[in-house]
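Take 1 as the starting number for the sequence shown in the numbering used here and just add one per residue.
Below is one structure, written out as structure tokens; comments come after it.
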Amino acid sequence: MLMSLPVAASAADADNVKSEKIPVRLLSDVDVKESKTTKAEQEKETNYKVKALEDALKNGDLPVYETRPYEKATLPEGIEAVPLSPLKDGAFAVGKLHKGTGLEEVLKIYGYPQKRTETTHLLKLTYEKEDLAMRVILRKPVAPALKENNIDKNRIQTGVESVYLTKGDSVIIGDDLTIGTPVEILIRRFGRPDRLLRDTDANVYYFVYSSLSEWEDLVFAVGDRKIRRVAMMPARPPYTVRQKGVNVGTGLTKEDFTLMGFQPGSNFSRDKYNMWQTVIKRGKTEFWLYGDYGVESDGIGKVQQVFLLSNSAYTSRGITLGYHVSTLLAAYGVPNRIIAGPDGEDSVDAYYYDSPYDRETSLVFTVQHEKHYINDIILTNKPIKDIQDSLGRYGLKERKAIAKEYT
Numbered sequence: 001m002l003m004s005l006p007v008a009a010s011a012a013d014a015d016n017v018k019s020e021k022i023p024v025r026l027l028s029d030v031d032v033k034e035s036k037t038t039k040a041e042q043e044k045e046t047n048y049k050v051k052a053l054e055d056a057l058k059n060g061d062l063p064v065y066e067t068r069p070y071e072k073a074t075l076p077e078g079i080e081a082v083p084l085s086p087l088k089d090g091a092f093a094v095g096k097l098h099k100g101t102g103l104e105e106v107l108k109i110y111g112y113p114q115k116r117t118e119t120t121h122l123l124k125l126t127y128e129k130e131d132l133a134m135r136v137i138l139r140k141p142v143a144p145a146l147k148e149n150n151i152d153k154n155r156i157q158t159g160v161e162s163v164y165l166t167k168g169d170s171v172i173i174g175d176d177l178t179i180g181t182p183v184e185i186l187i188r189r190f191g192r193p194d195r196l197l198r199d200t201d202a203n204v205y206y207f208v209y210s211s212l213s214e215w216e217d218l219v220f221a222v223g224d225r226k227i228r229r230v231a232m233m234p235a236r237p238p239y240t241v242r243q244k245g246v247n248v249g250t251g252l253t254k255e256d257f258t259l260m261g262f263q264p265g266s267n268f269s270r271d272k273y274n275m276w277q278t279v280i281k282r283g284k285t286e287f288w289l290y291g292d293y294g295v296e297s298d299g300i301g302k303v304q305q306v307f308l309l310s311n312s313a314y315t316s317r318g319i320t321l322g323y324h325v326s327t328l329l330a331a332y333g334v335p336n337r338i339i340a341g342p343d344g345e346d347s348v349d350a351y352y353y354d355s356p357y358d359r360e361t362s363l364v365f366t367v368q369h370e371k372h373y374i375n376d377i378i379l380t381n382k383p384i385k386d387i388q389d390s391l392g393r394y395g396l397k398e399r400k401a402i403a404k405e406y407t
């Protein structure tokens, strides 16, 4: 089952990718109404959500750090995002092959294929060597009257249309990526993906980058935290991104405040795609552990928090445990709040990204205070009371697992 995070999609939709074995905008400052009266009155004007939080604070309902969820934190000295530039069409290349590369150039680079097949409109070259497994699909020339297709700038482009690479450690993708490159390097080169999909059966993630000017997708299949396969192919569902964002900056969306398909405050249902392994109960609260992640539900069946348990699961922007904080900042931008921990090897700093869509929800990354690597990712709609404790930050301290139940 191929699913996006959080939207599911069928495996059949990704048949072309699977059969080939391939695979930011900053949060704007809160809008404040401009008063035409005095400066003092202007300062009283504020976003209605912030006002609601301030009222709650006066009533003692919220801790101090939740009063201004739209502000930006001050980064610790020496901490900054890895520099990124918007992707250029030249990055959409596999082994020096771009969309539209001619047959003569393909043969010049890779020689004659081990297998060649063709249809009326397409020519398929299959390379099966000891150090290379790749398929190149080219669109053959067509009569001028047949070139209009109302999709690709209203013109059919001949030459290379798709490239599927499953083996070839020396084949360069983009500027310097290869099969086997750690996925964090992908984020540091290409930025956050335009879309992230997940094949739940194979536990493979697809990092999708789209070039709307070329109407082409570059899809990286990620397994065991490395690039395993790559496809460069025409944009098509479920990979297509109708309105491409910028790969630098944040522009946080509602989807960014979901994790593994779950959203705090929504109804909890057991993940039908993965079998849960353990359930931990305390009173009416239940913690469902699925191996790579866990979900807490309350007594009325609502999701309260979701957290990652391994670095084989990812946020909607491709971030996981073990990444350096500079990679996190490149994908998400400056957080709204940073709660610094004390000095010490085991101490952590908490980076809070507060949802502008739900005042209670935050995406929280705990980062090692001294080494600056992510060691926890939690999406929650309640305060974290013991952020320095590895179990306490989940609310799991002194809770015991019970035997798995089958229903």
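C-beta: ideal position from N, C-alpha, C; glycine also.
#1: Let me know if arginine 135 comes out buried or exposed under the rule of 16 or more other beta-carbons within 10 Å of its beta-carbon.
#2: Return the residue from the list Trp288, Ala331, Ser210 that minimises the CA-CA distance to asparagine 270.
#3: So is asparagine 351 buried or exposed if we call it buried at 16+ other beta carbons inside 10 Å?
#4: Rank Leu391, Leu107, Ile339, Ser213 by C-alpha distance to the C-alpha of valine 367 and give the top, closest one.
#5: Can you pull the DSSP bridge partners for glutamine 305?
#6: Can you tell me whether phenylalanine 92 is helix, strand or coil according to DSSP?
#7: Evaluate the contact criterion for the region 289-304 versus the region 339-348: three or more CB pairs, one atom per stretch, below 8 Å.
#8: Is it buried or exposed, leucine 396, if we count other Cβ atoms within 10 angstroms and call 16 or more buried?
#9: Could you tell me which uninterrupted beta strand (DSSP E) segments, each at least 3 residues in length, are contained entirely in the region 144-219, listed from first to last along the chain?
#10: Alpha carbons only, please: which of Glu118, Val183, Phe268, Thr315 is nearest the one belonging to threonine 253?
#11: Is the beta carbon of valine 303 less than 8 Å from the beta carbon of phenylalanine 365?
#12: On a CA-only basis, which of Ile137, Thr166, Leu363, Lys108 is nearest glutamate 130? Give me that one, please.
#13: Determine the burial state of alanine 202: buried for a count of at least 16 other Cβ atoms within 10 Å of its Cβ, exposed for fewer.
#14: Can you give me the C-alpha to C-alpha distance between isoleucine 185 and valine 306, rounded to a whole angstrom?
#15: Whose C-alpha, out of Tyr112, His98, Lys72, Arg192, is nearest the C-alpha of valine 82?
#16: Have a look at the DSSP bridge pairing and note the partners of serine 362.
#17: Need the endpoints of the beta strand (DSSP E) that threonine 117 sits in, please.
#18: Spell out the partners DSSP gives glycine 223 in its beta bridges.
#19: Closer than 8 Å is the cut-off here; do at least three beta carbon pairs connect the region 215-234 with the region 112-123?
#20: Quick check on the DSSP output: the alpha helix (DSSP H) that includes leucine 328 runs from which residue to which?
#21: So who's on the other strand from phenylalanine 262, going by DSSP bridges?
#22: When DSSP labels each residue in this structure, what does glutamate 104 get in the three-state scheme?
#23: Work out the CA separation of threonine 120 and serine 312 for me, nearest whole Å.
#24: Give me, in chain order, the residues of the same chain whose beta-carbon lies closer than 6 Å to that of leucine 391; leave out the 5 immediate sequence neighbours on both sides.
#25: Taking three-plus beta-carbon pairs below 8 Å as touching, is the region 70-78 in contact with the region 204-214?
The answer reads as follows:
#1: Classified as buried, arginine 135 has 16 or more neighbouring CB atoms from the shown chains inside 10 Å of its CB.
#2: Here residue 270 is arginine; the residue named in the question, asparagine, does not match the sequence. For the residues Trp288, Ala331, Ser210, the minimum Cα distance to arginine 270 belongs to Trp288.
#3: For the record, residue 351 in the displayed sequence is tyrosine; it is not asparagine. Tyrosine 351 is buried by the Cβ-count criterion.
#4: By alpha-carbon distance to valine 367, the top candidate from Leu391, Leu107, Ile339, Ser213 is Ile339.
#5: As DSSP reads the structure, glutamine 305 sits in a beta bridge with Glu296, Thr380.
#6: DSSP, read as helix, strand or coil, puts phenylalanine 92 in coil.
#7: Counting Cβ pairs under 8 Å, fewer than three are found: no touch.
#8: Counting C-beta atoms within 10 angstroms of its own C-beta, leucine 396 has 16 or more neighbours from the protein chains shown and is therefore classed as buried.
#9: Taken in chain order, the unbroken stretches of beta strand (DSSP E) that lie wholly in the region 144-219 and span 3 residues or more are 159-167, 195-199, 204-211.
#10: Of the listed residues, the one whose Cα sits closest to threonine 253 is Thr315.
#11: No.
#12: When only C-alpha atoms are compared, the closest one is Thr166.
#13: Per the 10 Å Cβ criterion, exposed.
#14: Going by the C-alpha atoms only, they are around 26 Å apart.
#15: Nearest C-alpha to valine 82: Arg192.
#16: In DSSP, serine 362 forms a bridge with Asp354, Thr380.
#17: From DSSP, the beta strand (DSSP E) with threonine 117 extends over 115-118.
#18: As a beta-bridge residue in DSSP terms, glycine 223 pairs with Lys226.
#19: No, the region 215-234 is not in contact with the region 112-123.
#20: Element bounds for leucine 328: 325-332.
#21: Paired residue(s): Leu259.
#22: DSSP places glutamate 104 in helix when its eight states are reduced to three.
#23: Rounded to whole angstroms, the separation of the alpha carbons of threonine 120 and serine 312 is 43 Å.
#24: Counting only residues of its own chain and dropping the five nearest sequence neighbours on each side, leucine 391 has a CB closer than 6 Å to the CB of Lys397.
#25: Here the region 70-78 does not lie against the region 204-214, with fewer than 3 beta-carbon pairs under 8 Å apart.
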